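Residue numbers (my numbering): 392 to 625.
Notes follow the structure.
Pasting the structure below:
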């Protein structure tokens with residue numbers, strides 16, 4: 392062996408000990424690569440603190456047709472902002488939405504009510520749907536994780552209950568008269584006091600409905616009978 396070859400051998404390493412070290416390094420590198428890769432259909436969801444309120448279901452999105460219209464929160468819907476509609480979460484709640492099909496995530500604020508299509512749990516703004524890469528498909532299986540809410544919540548309700556308000560009065564006697572009149576044609580009419588600053592109002596309500604469609608059908612009947620009706624969330 393020449394002097395140059397011997398020197399090179401000492402510098403880069405040779406022999407059984409070096410080969411074992413190189414094999415170990417290659418094994419560690421291979422394990423690292425495997426750990427970073429996620430097989431198709433096996434998306435790794437982000438880890439969140441214990442006790443986080445979560446929900447899994449189908450998300451959809453709504454865009455140009457609703458852009459510029461008022462939402463349930465009173466804000467104007469801007470399809471370019473990261474917002475969403477949910478049936479039960481308090482308005483103003485911030486949630487992380489994870490697309491379980493590709494692992495992408497985005498944070499949105501709940502500003503509206505919906506979706507009311509069966510089997511869907513959240514309606515995302517155009518910008519949020521873009522962030523989750525679901526514009527083309529239109530829907531995606533997602534996980535919702537509550538990050539912050541103006542009202543403490545323990546769990547995400549699948550749906551709301553509804554009642555129908557047919558009147559609200561500052562005088563109890565007026566509420567009783569309306570209740571008696573409505574009760575001649577409809578059942579389950581009640582009066583409930585509602586405190587607002589220094590005034591007590593008496594709300595005349597009818598029924599409890601587990602689906603909005605049922606509430607809307609009864610509201611239609613009341614409207615045809617000449618009553619003004621507001622569908623209320625319970």
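All C-beta atoms in this analysis are idealised placements derived from N, C-alpha and C, irrespective of residue type, glycine included.
Quick caveat: nothing in here was measured; it's all calculated off a predicted structure.
Give the single residue among the options whose Cα lies nearest to the Cα of residue i.
i           : options            : result
residue 561 : 515, 604, 592      : 592
residue 579 : 523, 488, 556, 478 : 556
residue 505 : 453, 568, 572      : 453
residue 512 : 499, 535, 491, 502 : 535
residue 576 : 450, 615, 498, 444 : 615
residue 519 : 601, 495, 510      : 495
residue 558 : 514, 507, 617, 605 : 617
residue 566 : 584, 553, 604      : 584
residue 601 : 611, 594, 623, 582 : 623
residue 538 : 498, 611, 448      : 498
residue 608 : 588, 554, 589      : 554
residue 522 : 484, 474, 599, 510 : 474
residue 448 : 612, 540, 533      : 533
Tell me whether residue i is buried or exposed, calling it buried when 16 or more other Cβ atoms sit within 10 Å of its Cβ.
i           : result
residue 596 : buried
residue 432 : Because the pLDDT at residue 432 is just 45, under 50, the model does not fix this residue reliably, and the value given afterwards should be weighed accordingly. So residue 432 counts as exposed.
residue 470 : buried
residue 501 : buried
residue 476 : buried
residue 446 : buried
residue 563 : exposed
residue 508 : exposed
residue 589 : exposed
residue 461 : exposed
residue 514 : buried
How far does the beta strand (DSSP E) with residue i in it reach, from first residue to last?
i           : result
residue 624 : 621 to 624
residue 596 : 590 to 600
residue 475 : 474 to 477
residue 487 : 485 to 490
residue 503 : 496 to 503
Tell me whether residue i sits in a helix, a strand or coil according to DSSP, three-state version.
i           : result
residue 455 : helix
residue 563 : helix
residue 530 : strand
residue 419 : Only weak support is given to the placement of residue 419: the predicted model assigns it a pLDDT of 46, under 50, and the value that follows is read from those uncertain coordinates. DSSP places residue 419 in helix when its eight states are reduced to three.
residue 586 : strand
residue 573 : helix
residue 446 : strand
residue 470 : coil
residue 461 : strand
Quick check on the DSSP output: the alpha helix (DSSP H) that includes residue i runs from which residue to which?
i           : result
residue 603 : 603 to 615
residue 519 : 517 to 522
Would you check whether the ligand NAD has a heavy atom nearer than 6 Å to the C-beta of residue i?
i           : result
residue 597 : Only the bare structure without any ligand can be found here, which leaves the ligand NAD out of the picture.
**Message:** Quick check: the region 566 to 576 against the region 517 to 536, are at least 3 beta-carbon pairs closer than 8 Å?
**Reply:** The region 517 to 536 vs the region 566 to 576: no contact.
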